[in-house]
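The sequence shown lines up with residues 1 to 359 when you count with the working numbering. Using N, Cα and C, we set each Cβ at its ideal position, and we do this for glycine too.
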Amino acid sequence: MTFVSKTMFNRRRSQLSHLAVFVMLALNVQARPANISALKDKHPNTSKEDNEILPPDHLNGVKMEMDGHLNKDFHQEVFLGKEMEEFEEDSEPRRNRKKLIEIFTKVDFNKDRSVSAKEMQRWIMEKTEEHFQEAVRENKLSFRAVDPDQDGHVTWDEYRVKFLASKGFNEKEVAEKIKKNEELKLDEETQEVLESLKDRWFQADNPPADQLLNEEEFLSFLHPEHSKGMLRYMVKEIVRDLDQDGDGKLTLAEFISLPMGTVENQQAQDIDDDWVRERKKEFEDVIDANHDTIVTMEELEEYMDPMNEYNALNEAKQMIAVADENQNHNLELEEILKYSEYFTGSKLMDYARNVHEEF
């Protein structure tokens, strides 16, 4: 059972641009098994707290989504860390500029008013660790929600009851049926998601397997980036969904393939073309480490590992190259302000005005 469906593949692709919602025709997609995201969408009134007991599709600071799509916010996440939301919510250019200058001074560890690749690498690792710690804090709350007897362990049945309750089922009735080993009358999609979750649940159960998850194992269940074993499992899931010939590896054609369907106009086609170009560049320049035109599970796992220092250094060099107009392989303040949208998602107007006075 897999978390990803062709329907999910198409929906996530369309989310790359708000325009896609309006320009895409209904796609004739052959459905695959139900996925967690689809179930979330099926219950729009589900609270944030309820959804937090589900493994998220998006993992902060990880370069690829759970469904195999590139994380379009990755650069902002590893540059801003927990301050990312402030830039999303605050649209006042002067205040954003001031905050960006403050960040620059922190990244500039040796205070020479220039950011090197090593300094950016150090910063990326710090911000990634911030995301890790935030996941740990959120996991404590989620674990408490699914551990009703507070014994420090959660059984699959305890989790299953809470999961179904979050989807609108009567918690007491479900608990009673499970206790009596009676059949639960579930729709096909919910049943398939439960089977996928169960598979993942037992993957997170560290040896010696006791069919119980403690808080640390539950963190791996929700956030596979915290566990080498679960990270490997996530990579296998992604490869399984993209691997068309079943050889356990990914070719460029497999990695950039789009769902079958039609588009209404040239604007929608341009969105598809941009999506393909982005994935092609990432495949060839970054993921395919030995440039043999094939991506193995090992290469994808290295790429996905958020605490890989070598990857962080490569990412730092790429981020610098985007804004390095004077080609000195470092970043100056004026450069990072000019390319603020890449680093923060916020485009600053009159970026150079009063820079030196504020700095």
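Validate contact between the region 126-136 and the region 146-159 using beta carbons, cut 8 Å, 3 pairs: Not touching, per the Cβ criterion.
Anticipated Cβ contact below 8 Å, L80 with T344, distance rounded: In the sequence shown, the residue the question calls residue 80 occupies position 80. In the sequence shown, the residue the question calls residue 344 occupies position 344. Contact between L80 and T344 holds: their C-beta atoms lie close to 6 Å from each other, under 8 Å.
Three-state class that DSSP yields for T293 in the structure shown: Sequence index remark: in the sequence shown, residue 293 carries index 293 (1-based). In the structure shown, T293 sits in coil (DSSP, three-state: anything other than H, G, I, E or B).
Element boundaries [alpha helix (DSSP H), containing H311]: The residue you call residue 311 lines up with position 311 of the sequence shown. For the sequence presented, residue 311 should be read as Asn rather than His. N311 -> alpha helix (DSSP H) spans E309 to A323.
Nearest-angstrom Cα separation, counted from V154 out to N45: Mapped onto the sequence shown, residue 45 falls at position 45. Mapped onto the sequence shown, residue 154 falls at position 154. With a pLDDT of only 44 at N45, under 50, the local geometry of the prediction cannot be trusted, and the value read off the model is given with reservation. The straight-line gap separating the alpha-carbon atoms of N45 and V154 is approximately 26 Å.
Classification of E299 by the beta-carbon crowding that lies within 10 angstroms, buried from 16 upward: Taking the first residue of the sequence shown as position 1, residue 299 is located at position 299. Buried.
Element boundaries [alpha helix (DSSP H), containing G229]: Start at 1 with the first residue of the sequence shown, and residue 229 comes out as number 229. In this chain, the alpha helix (DSSP H) harbouring G229 covers K228 to L242.
Buried versus exposed call for F255 [16 or more other C-beta atoms within 10 Å across all chains shown]: Taking the sequence shown and counting its residues from 1, one reaches residue 255 at position 255. With 16 or more other Cβ atoms from the protein chains shown falling within 10 Å of its own Cβ, F255 counts as buried.
Classification of Q191 by the beta-carbon crowding that lies within 10 angstroms, buried from 16 upward: Residue mapping note: residue 191 aligns to position 191 of the sequence shown, counting from 1. Per the 10 Å Cβ criterion, exposed.
K280 classed as buried or exposed, judged by whether at least 16 other C-beta atoms fall within 10 angstroms: Here residue 280 is taken as the residue at index 280 of the sequence shown, counted from 1. Label assigned to K280: exposed.
Buried versus exposed, by CB contacts within 10 Å (16 or more), D288: Along the sequence shown, one-based indexing puts residue 288 at 288. Buried is the call here.
For F197, three-class secondary structure by DSSP: Mapped onto the sequence shown, residue 197 falls at position 197. Per the sequence presented here, residue 197 reads as Leu, with Phe not at that position. Three-state result, L197: helix.
C-beta atoms of M297 and K236 nearer than 8 Å: Residue 297 sits at position 297 when you count from the first residue of the sequence shown. Residue 236 sits at position 236 when you count from the first residue of the sequence shown. At a Cβ-Cβ threshold of 8 Å, M297 and K236 count as neighbours.
Own chain partners of R232 with C-beta closer than 8 Å, once the 5 adjacent residues on each side are dropped: For the purposes of this step, residue 232 is taken as the residue at position 232 of the sequence shown. For R232, where only same-chain residues beyond five positions count, the Cβ hits under 8 Å are M297 and E301.
Runs of alpha helix (DSSP H) lying entirely within the region 64-127, each at least 4 residues, in chain order: Runs of the alpha helix (DSSP H) inside the region 64-127: 74-80, 84-89 and 93-107.
Start and end residues, alpha helix (DSSP H) containing F255: By 1-based counting over the sequence shown, the position of residue 255 is 255. Boundaries of the alpha helix (DSSP H) around F255: L252 to I256.
DSSP state of V62 mapped onto helix, strand, coil: Sequence index remark: in the sequence shown, residue 62 carries index 62 (1-based). The three-state reading of DSSP puts V62 in coil, since its state is none of H, G, I, E or B.
Proximity below 8 Å, CB of V115 to CB of L331: Within the sequence shown, residue 115 is the residue found at index 115, counting from 1. Within the sequence shown, residue 331 is the residue found at index 331, counting from 1. In contact: V115 and L331 (Cβ atoms closer than 8 Å).
Proximity of I336 and L100 at Cβ, strictly below 8 Å: By one-based count along the sequence shown, residue 336 stands at place 336. By one-based count along the sequence shown, residue 100 stands at place 100. Remark: C-beta atoms of I336 and L100 approach each other more closely than 8 Å.
Rounded separation between L213 and W156 - CA only: Here residue 213 is taken as the residue at index 213 of the sequence shown, counted from 1. Here residue 156 is taken as the residue at index 156 of the sequence shown, counted from 1. Spanning the alpha carbons of L213 and W156 requires a straight line of approximately 8 Å.
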